[in-house]
Structure formats: C-alpha cells, structure tokens
Amino acid sequence: MAKMRIGDRLIHEGLITQDQLMQALKRQKELPQREKIIKILNDLGFLDQEALLSFFVEQSRLGNLDIESILFDFPANEDEILKKLADKLKIDYVDLDAYEIDFKIAKRLPVAQMKRFVAIPIKESEFNVIVAFKDPFDLNAADLIQRQFRQKPVKMAIAKGDLIEKIISRLELNESIKDLVEKIKVEVKTANIENAGESSNILKLIEIIFKNSILNGASDIHIEPSISGCIVRSRIDGILVENFVLDEEVYPALISRLKLLSDMDIAEKRKPQDGRISLTIVGKDIDFRVSTLPTLLGESMVMRILDKSKVMVNLHELGMNKQVLDRFQASMKLPYGMIFVTGPTGSGKTTTLYGALNAIKSVEKKIITVEDPVEYQLAMIQQTQVNEKVGFSFAEALKTILRQDPDIIMIGEVRDRDTLRIAIQSALTGHLVFSTLHTNSAVSAITRLLDMGIESYFISSAVVAIEAQRLVRRLCPICREPMEIPPEYYDEIKNSLPKKYQFYKAKGCTKCSMTGFKGREMVNEILVVSKDIQRMIATQESESVILEQAKKEGFLSMFQDGIEKAGEGRTTIEEVFRVARL
677 MAKMRIGDRL
687 IHEGLITQDQ
697 LMQALKRQKE
707 LPQREKIIKI
717 LNDLGFLDQE
727 ALLSFFVEQS
737 RLGNLDIESI
747 LFDFPANEDE
757 ILKKLADKLK
767 IDYVDLDAYE
777 IDFKIAKRLP
787 VAQMKRFVAI
797 PIKESEFNVI
807 VAFKDPFDLN
817 AADLIQRQFR
827 QKPVKMAIAK
837 GDLIEKIISR
847 LELNESIKDL
857 VEKIKVEVKT
867 ANIENAGESS
877 NILKLIEIIF
887 KNSILNGASD
897 IHIEPSISGC
907 IVRSRIDGIL
917 VENFVLDEEV
927 YPALISRLKL
937 LSDMDIAEKR
947 KPQDGRISLT
957 IVGKDIDFRV
967 STLPTLLGES
977 MVMRILDKSK
987 VMVNLHELGM
997 NKQVLDRFQA
1007 SMKLPYGMIF
1017 VTGPTGSGKT
1027 TTLYGALNAI
1037 KSVEKKIITV
1047 EDPVEYQLAM
1057 IQQTQVNEKV
1067 GFSFAEALKT
1077 ILRQDPDIIM
1087 IGEVRDRDTL
1097 RIAIQSALTG
1107 HLVFSTLHTN
1117 SAVSAITRLL
1127 DMGIESYFIS
1137 SAVVAIEAQR
1147 LVRRLCPICR
1157 EPMEIPPEYY
1167 DEIKNSLPKK
1177 YQFYKAKGCT
1187 KCSMTGFKGR
1197 EMVNEILVVS
1207 KDIQRMIATQ
1217 ESESVILEQA
1227 KKEGFLSMFQ
1237 DGIEKAGEGR
1247 TTIEEVFRVA
1257 RL
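For the sequence shown, the numbering used here assigns the number 677 to the initial residue and increments by one for each residue that follows.
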C-alpha cells in the first residue's frame, strides 16, 4: 500500500473511480503547467475534501504518509490544512506568529530534542504542558518529550513546521550565550549598574549582538524592555526577527554600556537621546546611528546599521530591470533638469541616489548634497547637513549651495514649497538636481508636486524623470520550492505574466535563518517626461490620462516588474502583492 501512487490509493479506498482518474490524467497533460493530480481531481469535483482528509489521517496513523505528504497533496493552503487536521485529531492549532510563548518552559526541553522532533513547549498551565508539534502523528516524539515533564501531562498542539524551526534556531542562539549571561548576572549582583556596564562580559555580549545582526544582513537592531526581561530584535530584509531573549538583570547594564559607547548621558532616562557608534566588525567599518525612547518599562533603543561598503553600490547591482535602468541612466546624462526618486521610508531611495552620484561623479563636475542627516561620506562630493535648530533648513542650504557653483545638486528630501521652488529654479537654470519624495507611484508624484503649490508649467519644464521603487524580499536560492500560481492571484496577474515563468515559494533553511529569504530585490518603474507628458502636466491632466500616455510610450509598472521577477524565481507572488500592489 505504501508504494502505490496516490491516484491508485484513492481508487483502492473508494474515493474516486478509475474513469475519474483517467479524466484527471488527461486534463493534466493538456495543462500548460503541470499540476498535482489531487488538485485536478478536486477542481473537476471528483473529490470530497472531508473524506480525503479522513483518508490522509488514517494513512498517516498507519505510517503510510507523513505530514509533508499531506501538506504537499491536500488541495488547500497550509493554514487551512493544519486547522482541518487539528479539528480532525481533536487537538489545538497554534499560530506561533501571534502566540506569546513562555520561553522559561521552552528552555526545559533540550534544543537537540526540539530540533530532532521539530517540537517546542510553548505554555504551562495548572494541568498540563502544551507542546507544538510539526508532525502530530509522531507518537514516539510525544512519549519522549513526556519523560521531560513527568509532573504534568503533555498536551499536543499542531503548528507550522517552519515557524517551530525558526523559534528553535533562536533558542539555539540564546543557548550559545547562556554562560555569558550568567556571568553578567553575577557581576550585576556584586556591583552597581554602571560598573557592571563596564565589564568585559557586557562588551562580549554587545559584540555578539552586533556581529549576529551584521552577518544576517540586518538594517536595524532593536533592544526593548519587556515585563520579564529584554528582547533583542533585528530588522532583516524589512521584517523584524527576534534574536535574543535576555534576563531582566542584564538589561540595565546592557543599555548603560551602549549609551556610553554612543556618547549619551547614562543618567538621563526621562528624555529621548541620539548618538552614534563607529566600530569595525567582521572586517567592515560600521556606523550605528543610535536612538533611545523612554517607555513604561524602561528605555527602548534602536540602532540603525550604516555599512559604509554598501554605499559604493553600482547602479547595475541594484536590481533595476533593463528598461528602467536604461531610461534612468539616459536622464542622468542630461545637462539640467530634476530627477525624483520616490517610495516609502526604507525603500532604498538613498541607496539609489548614492548609486547615481557615484556613477556620474568626476573631477570635471562639482556635486553638492544637502541631507538630513548625512549617513555616508562620499569621495569627490561635498556634503552638508541641515540643522533646523540654527535655522539651516533645506531651503536655506539650497540658497547657499547655488553660490558654490555646483553642476549637480542632491537634496535629501523635498519637504516644503520653498525647497521645491528653489530646486525647480535650480533645474531650470542649468543644474541637474536629484531629490526624493514620499509617493506611492511615479505618476502620483506629479499630483504631489502640484499639491505643494508650484505652478504646473514650472513642474512640466523642470522635471525630466520620476523613478518609483519598493524592496521585496529575495528568495533563498538554496531552499526555494517550485509552486503553481495560487487561484486567488491568477486573475489579477494573468495580464502581467511573462512568456516563460516558474513561480517559487519560500521554505527556510539554515543558510537563510529559516526565513526562506536572503537579501532584498528592487521592484521599480520610471516615468520619463516626454513632450506629450510635459504638455499634460502643464494642462493638469488627471493621473489616469498621464498613465495611459506613459503606457503608450512603453511604461512598465512596478507591479508588472514584480510579477516578472517572481516568475524568474527571484521573489514570491505574495511579496509582490504585499509591497507593490497599489
């Protein structure tokens, strides 16, 4: 029975007929993209899902199927399958993303056993210990785990395997610093907080936190007080990931030492503070821009990681599609005009601007930037930083810059009408001006500029190109798995599908810290202001009319760019919908 094909098994159990299987096999051959036979049987209406699930459960109990087989073959998404299974087995389904895990009970089970069984204790009640399993049919694992909790019975729950593995990998990381944390706790008990903050063990812990975040490609480190201690999280590929859960005795000494390194006042805990740390970690010169915020439980600290090596990025390495890159580079070669890079916070606008400046800088050109703040120092470029406290705003800085005889100007952000007016006048008087805006798309940037109160004929004459971008998470090439287009997405993306495509889904492995993603990829679009679009802006035509004209001129939307990249296996459909669906 175990070696029979799934279709033959279904016939054997009386769930389908031989004729129905033959019809499904014929349909499978006609489809352009190969689909699972069970999905086709389900689409043809030959399968009863409740009977199919009962069949799977029974086969699993007999040892003929495992949880992976059910997840692969059952015609539903993983959440639905696990909820149905939990209901069938009379156990709980737990969404670990939204569940508050008791890490004290989790630590009572050795990490090696958790990894072996893909199971984790998540809560202890008066009557039992709840353990989340990936495979609820692994009764041997349940028996062995029960021996670790002799006082109370183990209550089995089911959860997503990849989420269990992620939490186990974090516990494994915490296990590696267990001895260090114990030493710090002893030091805290025998010294005051300030002296404990000076200890070499605290510095070792800080080094581990920094190194772990940098090696995983994090952009920010969050150190947050909690009721029972302190949580250290990193923002990796735009998503916060929990790295360490530290004991409450460690938190004050850790924050004190980081404030000292940032040149902050360690005695001031009632006001927000800003600072900076410069270190060499894993062979890289890294700056950390540090910010503290008083909260009810203590000071929350966020450190932005500024990797100086990333600023020397080449435009070709940013992941722009060829059409956008060609048009963007053509706009950069113009003698004057205004180029906008738009997108939300954290979409890589500054990196794109620095990439553009690196590409066009030379001894023949004077380039001046005005930023808030200057995050990276660039060779052959004059950089100035606004200081609102002394009245040195973007507008004031621009007025001064124009007296410095620049060829190219980069404005960190156009925030008000005065800055925009001076920037446009600069573009109209022979300067190439780069700046950023917070808008959803390239075309909507025009409406945003008009809303700032500048005459439409000025905008139409000065603006030469608007590039809009987002960042999607890049699939881990080692563990990604092929997938079919989910039915709920097909209708929306069918007109954007490339001629050849293969979509993939995230799985998770040790190389990507069990996330299924490694790094980020840009999706973008560019609106080049042609003569026709220039006229439309001057006459204040609607966004839809301008977009229609842009499409006639070959405009490719950010969403289309994302679907093409998903079809190449670089990201997932879900990521494109999360980030680029407008």
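For every residue, glycine included, the Cβ atom is placed at its ideal position computed from N, Cα and C.
In this structure, the straight-line span from the alpha carbon of Gly1019 to that of Asn1200 is close to 9 angstroms. Within a 10 Å sphere around the beta-carbon of Tyr1180 sit 16 or more other beta-carbons, which makes this residue buried. In this structure the region 1116 to 1130 does not lie against the region 1153 to 1160, because fewer than three pairs of beta carbons, one per stretch, are closer than 8 angstroms.
In this chain, the beta strand (DSSP E) harbouring Val1017 covers 1013 to 1018. Excluding residues up to 5 positions away in sequence, Ile957, Val958 lie with their Cβ nearer than 7 angstroms to the Cβ of Lys887 in the same chain. Sequence-distant Cβ neighbours of Phe779 in its own chain, meaning closer than 6 angstroms and more than five residues away, are Val921. If you look at Leu1108, you'll find it in the beta strand (DSSP E) that goes 1108 to 1113. Leaving aside the five residues that flank Ser1136 on each side, the residues in its chain whose CB is nearer than 6 angstroms to its CB run, in chain order, Gln1210, Ile1213, Ala1214.
Judged by their CB atoms, Ile840 and Lys810 are nearer to each other than the 7 angstroms cut-off. Taking the Cα positions, Lys998 is about 17 angstroms away from Val1017.
Here Asn892 is not bridged, per DSSP, to any residue.
For Ala795, the number of other beta carbons within 10 angstroms of its own is at least 16, and it is reported as buried.
Within 10 angstroms of the beta-carbon of Leu1151 lie 16 or more other beta-carbons, which makes it buried.
Put simply, the region 973 to 983 touches the region 892 to 910. At least three CB pairs are less than 8 angstroms apart. Looking only at Glu944, Ala943, Gln827, Lys935, the smallest Cα-Cα distance to Arg952 is reached by Lys935. Within the region 1029 to 1090, the complete alpha helix (DSSP H) runs of at least 4 residues fall at 1070 to 1078.
Taking all protein chains shown into account, Ala788 has fewer than 16 neighbouring C-beta atoms within 10 Å of its C-beta and is therefore exposed. In chain order, Asp1208, Ile1209, Met1212 place their CB closer than 7 angstroms to the CB of Gln1225, counting only its own chain and leaving out the 5 sequence neighbours on each side. The DSSP-derived three-state label of Phe803 is coil. Every alpha helix (DSSP H) stretch that sits fully inside the region 820 to 868 and reaches 4 residues is listed by chain position as 837 to 852, 854 to 866. Classified as exposed, Tyr1133 has fewer than 16 neighbouring CB atoms from the shown chains inside 10 Å of its CB. Straight through space, the alpha carbons of Glu1251 and Thr693 are spaced by roughly 40 angstroms. Going by beta carbons, Ile1222 and Ile1169 fall outside the 7 angstroms limit. Taking the Cβ atoms as the reference, Gln1061 lies roughly 6 angstroms from Glu1047, within the contact range of under 8 angstroms. Boundaries of the beta strand (DSSP E) harbouring Gly1195: 1193 to 1204, taken from the DSSP string. In this chain, the alpha helix (DSSP H) harbouring Lys780 covers 779 to 782. Here Thr1112 has Val1017, Lys1025, Glu1089 as same chain residues with Cβ atoms under 6 angstroms from its own Cβ, once five neighbours each way along the sequence are excluded. Tyr1166: member of the alpha helix (DSSP H) spanning 1163 to 1169, first to last residue. Within the DSSP bridge table, the entry for Met977 names Ile899, Thr968 as partners. The secondary-structure analysis by DSSP pairs Gly951 across a beta bridge with Val966. Asp838 has its alpha-carbon roughly 9 angstroms from the corresponding atom of Gly1192. Between Phe793 and Asp814, the beta carbon gap of about 7 angstroms places them in contact (Cβ cut-off 8 angstroms). The beta carbon of Pro948 sits closer than 8 angstroms to the beta carbons of Ser967, Thr968, Leu969, Pro970 from its chain, once the five residues preceding and following it are set aside; these are given in chain order. Three or more Cβ pairs closer than 8 angstroms define a contact, and the region 757 to 775 falls short of that threshold against the region 820 to 830.
Under DSSP, Gly905 forms a beta bridge with Ser902, Asp923. Beyond the five residues adjoining it in sequence on each side, Pro1082 comes within less than 6 angstroms, by CB distance, of Lys1042, Ile1044 in the same chain, given in chain order.
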